[in-house]
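Reading through the structure tokens given below for one structure.
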Amino acid sequence: MSAVSHDDFAFDHAPGLPEALPQNEALLWQGSPDWRTLAREAFHLRAVAIYFGLLLAWRFVTALYDGLGVTAALVHAAWMVPVALAGIGILLGLGYAYARTTIYTLTSKRLLIRSGLALPVTLNIPFARIESAAVRPLTKSGAGNIALRVARPDRIAWLLLWPHVRPLSLRDPQPMLRAVADADVVAKHVARALAADAGQVQPRFTVVSNVERPAQQVAQPAPARG
């Protein structure tokens with residue numbers, strides 16, 4: 000199987016690279032997730048904040064309904080504030096920690112995803128095993144996700160990929176460059192690299208700038224060789 004992983008118990012040869020690249024392989028791009036976007040999208044920071052906001056409002060309204068004054072109702076609801084701040088702080092910390100320990104590396108032959116807090120793991124995905132790629136913008140500043148469809152029968156475990164995996168793709172896990180800045184620029188790098196590896200003169204890709212639109216295909220190389 001071409002898509003493999005191994006534990007990085009020793010220091011990397013270079014950031015994101017467990018060993019030196021072969022002479023016929025060039026480094027094209029490296030990057031990491033934007034930690035704020037990662038916290039919001041992967042750890043559902045916005046949904047959790049809304050949940051705590053509704054919970055605080057519910058406690059305040061029910062206290063008023065039970066006959067408490069406005070000041071007493073605010074005090075009744077206020078004990079939830081430290082809990083909410085702690086929960087949000089944990090999610091922000093996780094987003095920062097995962098972004099800080101993640102390096103996406105694009106070479107002329109493959110994509111590598113180095114991630115992990117206690118035990119860093121590097122996933123090595125050769126272009127020959129990638130069927131297509133799709134970009135989904137997330138923010139108006141240009142951050143977005145780039146999902147990769149791995150050719151069957153190769154399959155990387157969803158839990159091994161998380162959080163660098165397309166959500167809800169449990170049956171067919173799709174590795175994903177998550178919350179990368181300038182996602183449209185990175186998508187063009189990916190499309191050109193896939194096209195060059197497949198022997199195409201020009202890449203075929205579509206990058207959308209409207210953050211409300213769903214994921215769009217950015218590259219689909221020619222059928223796997225050999």
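Just so it is clear: in the sequence shown, position 116 is 115 by numbering that gives the first Met the number 0, and no numbers are missing. Every residue, glycine too, gets a C-beta built ideally from N, C-alpha and C. Keep in mind the model is a prediction, meaning the values are calculated, not measured.
Should residue i and residue j be called a contact, given that it needs their Cβ atoms to be closer than 9 Å?
i: K108; j: D196; result: yes
i: L167; j: T104; result: no
i: A182; j: G141; result: yes
i: A27; j: T101; result: Going by the sequence as given, residue 27 is Leu instead of Ala. Their beta carbons are not under 9 Å apart, which means L27 does not touch T101 by this criterion.
i: L118; j: N144; result: no
i: A72; j: V60; result: yes
Since residue i and residue j are thought to touch, with beta carbons under 8 Å apart, how far apart are those beta carbons, to the nearest angstrom?
i: V189; j: A132; result: 5 Å
i: G88; j: R35; result: Contact flag wrong, Cβ pair sits at about 13 Å.
i: L169; j: W157; result: 6 Å
i: P32; j: V179; result: 6 Å
i: R148; j: I129; result: 7 Å
i: L90; j: V47; result: 6 Å
Compute the Euclidean distance between the alpha carbons of residue i and residue j, then round it to the nearest angstrom.
i: A56; j: G92; result: 26 Å
i: A13; j: R113; result: 12 Å
i: R154; j: V80; result: 43 Å
i: L137; j: L84; result: 25 Å
i: R135; j: L44; result: 19 Å
i: D110; j: R151; result: Note that residue 110 corresponds to Leu in the displayed sequence, not to Asp. Answer to the nearest angstrom: the Cα atoms are 17 Å apart.
i: F204; j: A146; result: With a pLDDT of only 47 at F204, under the threshold of 50, the placement of this residue in the model should not be trusted, and no figure is reported.
i: G86; j: Q173; result: 29 Å
Hey, is residue i close to the ligand COA, as in C-beta under 8 Å from one of its heavy atoms?
i: W157; result: Ligands are entirely absent from the displayed structure, and the ligand COA is therefore not among its contents.
Determine the extent of the beta strand (DSSP E) in which residue i is found, giving its start and end residues.
i: A178; result: 175–179
i: L158; result: Where L158 is concerned, there is no enclosing beta strand (DSSP E), although the alpha helix (DSSP H) it sits in stretches over 157–160.
The alpha helix (DSSP H) that contains residue i, what's its start and end?
i: A72; result: 69–77
i: R45; result: 44–64
i: T138; result: No alpha helix (DSSP H) contains T138, which DSSP labels as neither H nor E.
3 or more residues per run - each beta strand (DSSP E) lying fully within the segment 87–136 | 102–106, 109–114, 120–125, 129–136, all fully within the segment 87–136.
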